[in-house]
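Notes follow the structure.
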Amino acid sequence: MTTTLELLAPFSGPAIALDRVPDPVFAGLMMGDGLAIEPLSPTLLAPCSGAVAQLARTGHALTLAADNGAEVLIHIGIDTVKLEGRGFRPLVAVGDKVTAGQPLIEVDLDAVARRAPSLQTMVVIANSEQFRFPRRAEGLLEAGRSHFLTLAAREAVSPRESAGGPERRGEATVRHEGGLHARPSALVQQAAKRREAEVFIEFAGKRANARSVVALMGLGVAEDDRVAVIASGHDADAALADVIEALQTRSEAGHAAVAPAEAREPVAGYLAGVAAAPGLAIGRAVRLDAFEMPLPEQGAGEAAERAALAAALRRVRDAISSGIDAALRRGATAESDIFAAHLALLDDPELLSAAEADIAAGRGAGFGFRRAVRAQCAVLAGLGNPLLAERVADLKDIERQVLVALYGEPEQGPELFDDSILVAEDLAPSELTRLPPGKVAGIVTAAGGASGHVAILARALGIPALVACGPSALALQPGQTLVLDARAGLANPQPTPSDLAAARAEIDKLAARRRAMQASANAPAITVDGVAIEVAVNIANADDAREGVAHGADAVGLLRTEFLFIDRRDAPTEAEQTAAYQAVLDALDGRHAIIRTLDVGGDKEVPYLQLPLEPNPALGLRGIRTGFAYPDMLDAQLRALLAVKPLSRLRILVPMITDVGELIRLRERIEQLAGEMSLSERPQLGVMVEVPSAALLADQLAKHADFLSIGSNDLTQYTLAMDRCNATLAARIDSMHPGLLRLIAITVEGAKKYGKWVGVCGAMASDPQAVPVLIGLGVAELSVSPRLVPEVKSLVRGLSRRHCEEEALRLLALGSPQAVRGRVTELWPGV
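The sequence shown: position 49 = 281 (this note's numbering), numbered continuously.
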């Protein structure tokens, strides 16, 4: 087998670093390392010789098994699987032998570009852990002729430059919330894998390979702990910097939608546990007992067992990657993040080396892999850290998937009732996601916690879950009826007929309320005294717009255009922008849309703009300031917006306006561009009120604007001088602060002077307690997430505008957000 492979450019076009493509799965190297290209030629050519190992049904992707063992995955475009094959014509079939430069797939570039977010094509090595990448192409390439990527087998070249290679040392303070648990460890692993170096983390007398998620978790590093970082080899300096940055870049512990819950005190006759996902359910117990497949201890020979394990890992890797893709297409970011962490665990060198050691000793692949996983489970369980102990379920999930890939399912899955309550020691995420959600009424586990991955998924799926109930949960018998009240942290395993009747009545009441809200979602939200409030949606793309319409949204209250600009090497073209904006308008079935001009800077980076490093980015070059600093980019976006049809349904929103001069300057530029484009119509132009000066000058702004929209997230942080990304201040950053309410009142009064309306597009609009206050202050539009539209409309219909006005004025005199919320609870207890 050759140790080096030279890949040729599969298309003509500019090379693009993989971490710049607008897809987090590829950019995060979850599918493997490699390179991307922007196609300028219509035929995909084989970058090397090999066999077609996989060809997507829709023709948008294939995998070549190269002669040197590399698995070369080529994925044409972003989200092109949704095109169902339109624009792709495969010229080869699975099993075909191909040579470098041979045509593989013909692509209708125009048709695909009109329907897909991007044509950027990713070429990744699925088994990239086996290779180095000593050379990657840059600049404009010619299909079938230009060098694209060089692979070198890792067996031939060690990560160390030599025995006496450079060694670098440094220190880092771990800033990840909860310390080095699964997802932060995966981020560190990705940083270490980017470089040709060996990197180790030392803490409390223990050392871990930075490429090993389980070894990193096994260190037991907590948030704000100080660790040593040691890098050696060819890229030691760069590797040291990358890993230190990954350790010190803050991330949240999870995607919890609720605060960490405490276990309920025991109640006689009930199961008590931690409310991991709220809700009420009646169901019958379905036991999901621990996965213990009988395994052969002795193998069929080292070569055969190694090959079997490699094939099983590849199948599981493909399945997890497909799960990530599917989750991202559904917008299920919690699910995709969990599976990404599983992908990192699957390729963990500590697990693989331990399994291979058992295989070398004559044991079977499955036996060795299980022993490796169980050893790491014991380490994590013994650290005394609940967050890390909860990762044991993830490791066992990986174990189950690999063993099934090796030997097949030992038996059919559990027989489900229509109202199944899953009962287990603990539950693996893949077990939950492969069950039909319509038959899962609830979850009860003996182990686990509110920050576990199953808890996160349960909240995302709306399934009530009670965890950490202890051994008594495992005494539940299959088919046993129980009432699960995860809201109260209790389950009733022996409900009486009256208990069941009361629970059913409550469930029916909640369900009826949800149905009623959805049934009337398309009707306008009109207060009891006849005032119409527009309920719009905050979105990022056309799919979000369609979801908003399905939930009854009156309009789009905020389209964030950043999604078109970030995570890429170059700015989107005018045509690309216009297509994206037009797709949103087309999805709205006649409704209007507010589209915000680019808001980057601060915590949103765009590499190709080369924004200056700033000591306080939130107070630096961001929003319209960035647009004025890059006028060509601003003009391109304005022209793209002016090209949509009909312009009467478009409202342009400008972020970070601080005074009327900025607004006049922008309106004049829009007039100039519209004149150059010979347009007879003009879109409305609005100001995003997110700094105190804009609120205080609302009357001046309203004279030249068509509407004002309050961005409550930023207005809150700038008013209170509290960074909204600072977790230690999170409990104090409250948009119901009387100071902020006074600014909103000033904004509305200033807009009224010129007959202009005011909306709210920040998180405050989704806060049920804030809704009556905002209506009382004179806000005419609330923009929320799509699924909240029916609830907010229902809430508005139960309010009196006159009563809200009277009480809102009194709230302005209170001294704290706590006092405001307390009074709101008294006035409107239903919210």
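Note that the Cβ used here is the ideal one computed from N, Cα and C, for glycine as well. Note that this is a predicted model, so its numbers are computed, not measured.
Between the C-alpha atoms of residue i and residue j, what's the straight-line distance to the nearest angstrom?
i                 : j              : result
alanine 959       : asparagine 441 : Low local confidence applies: a pLDDT of 38 at alanine 959 is under 50, so the model's placement there is unreliable, with the coordinate-based value given in what follows. Using only the alpha carbons, I get a separation of about 30 angstroms.
phenylalanine 601 : alanine 610    : 14 angstroms
serine 390        : leucine 381    : Confidence in serine 390 is poor, its pLDDT being 42 and thus under 50, which makes the residue's placement too unreliable to answer from.
threonine 728     : isoleucine 695 : 23 angstroms
valine 461        : arginine 482   : 17 angstroms
valine 672        : glutamate 779  : 24 angstroms
serine 652        : glycine 301    : 46 angstroms
leucine 250       : serine 350     : 14 angstroms
isoleucine 798    : isoleucine 771 : 16 angstroms
glutamate 631     : leucine 1009   : 57 angstroms
methionine 749    : glutamine 712  : 33 angstroms
serine 925        : valine 1056    : 28 angstroms
threonine 890     : arginine 1033  : 31 angstroms
glycine 921       : proline 668    : Per the sequence shown, the amino acid found at residue 921 is valine instead of glycine. Approximately 45 angstroms, taken between the alpha carbons.
cysteine 993      : valine 1016    : 7 angstroms
glycine 1064      : glycine 594    : It is not possible to answer for residue 1064, since the shown part of the chain is limited to 233 through 1063.
leucine 928       : proline 366    : 57 angstroms
alanine 679       : leucine 659    : 9 angstroms
alanine 733       : glutamate 1058 : 31 angstroms
glutamate 1037    : proline 1004   : 9 angstroms
valine 876        : glutamine 814  : 6 angstroms
arginine 745      : alanine 751    : 10 angstroms
valine 892        : leucine 817    : 29 angstroms
valine 788        : valine 1021    : 11 angstroms
Using alpha carbons as the reference points, say which of the options lies closest to residue i.
i              : options                            : result
aspartate 467  : Arg427, Gln362 and Arg603          : Arg427
aspartate 255  : Ala268, Val1056, Gly245 and Phe243 : Ala268
isoleucine 758 : Val459, Asp328, Leu1027 and Ala500 : Leu1027
proline 526    : Pro1004, Val636, Arg364 and Pro274 : Val636
alanine 997    : Val1011, Leu928 and Glu399         : Val1011
arginine 549   : Pro756, Ala358, Ala535 and Ala723  : Ala358
aspartate 469  : Val431, Ala504, Ala447 and Gly501  : Val431
leucine 1014   : Lys877, Val769, Leu512 and Leu372  : Val769
glycine 371    : Ser585, Ala934, Asp802 and Arg538  : Asp802
tyrosine 639   : Leu541, Ile591 and Ala678          : Leu541
asparagine 945 : Met888, Asp342 and Ala551          : Met888
glutamate 1023 : Pro756, Leu512, Ile856 and Arg1053 : Pro756
leucine 940    : Arg881, Ala283 and Ile826          : Ile826
Apart from the five residues just before and just after residue i, which ones in its own chain have a Cβ nearer than 7 angstroms to its Cβ?
i                 : result
leucine 972       : Leu947, Thr948 and Thr951
alanine 278       : Leu296, Val330, Thr331, Ala332, Gly333, Gln334 and Leu336
alanine 522       : For alanine 522, the pLDDT reaches just 47, beneath the cut-off of 50, and the residue's location in the model is therefore unreliable, leaving the point undetermined.
arginine 1019     : His783
alanine 690       : Ala508, Ala509, Ile675 and Ala697
phenylalanine 363 : Ala302, Ile357, Leu383, Ala384, Ala385 and Arg386
alanine 1002      : Ser967, Met968 and Met996
glutamine 286     : Leu294, Thr295 and Val326
serine 704        : Leu503
Just to confirm the assignment, what range does the alpha helix (DSSP H) spanning residue i have?
i              : result
leucine 895    : 892 to 908
methionine 865 : 863 to 874
serine 944     : 944 to 952
glutamate 303  : Element bounds for glutamate 303: not the alpha helix (DSSP H) but the beta strand (DSSP E), 303 to 307.
glutamate 1039 : 1033 to 1043
Looking at the secondary structure, which residues open and close the beta strand (DSSP E) in which residue i lies?
i             : result
glutamine 286 : 282 to 287
glycine 918   : 916 to 921
glycine 1008  : Where glycine 1008 is concerned, there is no enclosing beta strand (DSSP E), although the alpha helix (DSSP H) it sits in stretches over 1002 to 1009.
histidine 936 : Premise fails: histidine 936 lies in the alpha helix (DSSP H), 930 to 936, not in any beta strand (DSSP E).
threonine 713 : 713 to 717
lysine 438    : 438 to 441
proline 366   : 363 to 368
alanine 268   : 265 to 269
valine 1063   : Run containing valine 1063: none; DSSP gives neither H nor E here.
Please go through the same chain and pick out, in chain order, the residues whose beta-carbon is closer than 8 angstroms to the beta-carbon of residue i, but skip the five residues on each side of it.
i           : result
leucine 874 : Ile902, Leu905, Ala906, Met909, Leu911 and Pro915
alanine 436 : Leu451 and Gly452
glycine 291 : Gly317, Phe320, Arg321, Pro322 and Ile337
Between residue i and the rest of its own chain, which residues show a CB-CB distance below 6 angstroms, the 5 nearest in sequence each way excluded?
i             : result
arginine 519  : Val655 and Pro710
histidine 379 : Ala369
leucine 305   : Thr295, Val356 and Ala358
aspartate 761 : Ser1032, Arg1033 and Arg1034
What residue ranges within the segment 748 to 793 form continuous alpha helix (DSSP H) runs of no fewer than 4 residues, ordered along the chain? Taking only runs of at least 4 residues, the alpha helix (DSSP H) segments lying wholly in the segment 748 to 793 are 774 to 782.
Taking only runs of the beta strand (DSSP E) that begin and end inside the segment 295 to 352, which ones reach a length of at least 3 residues, in chain order? List check, beta strand (DSSP E) in window: 303 to 307, 320 to 322 and 335 to 339.
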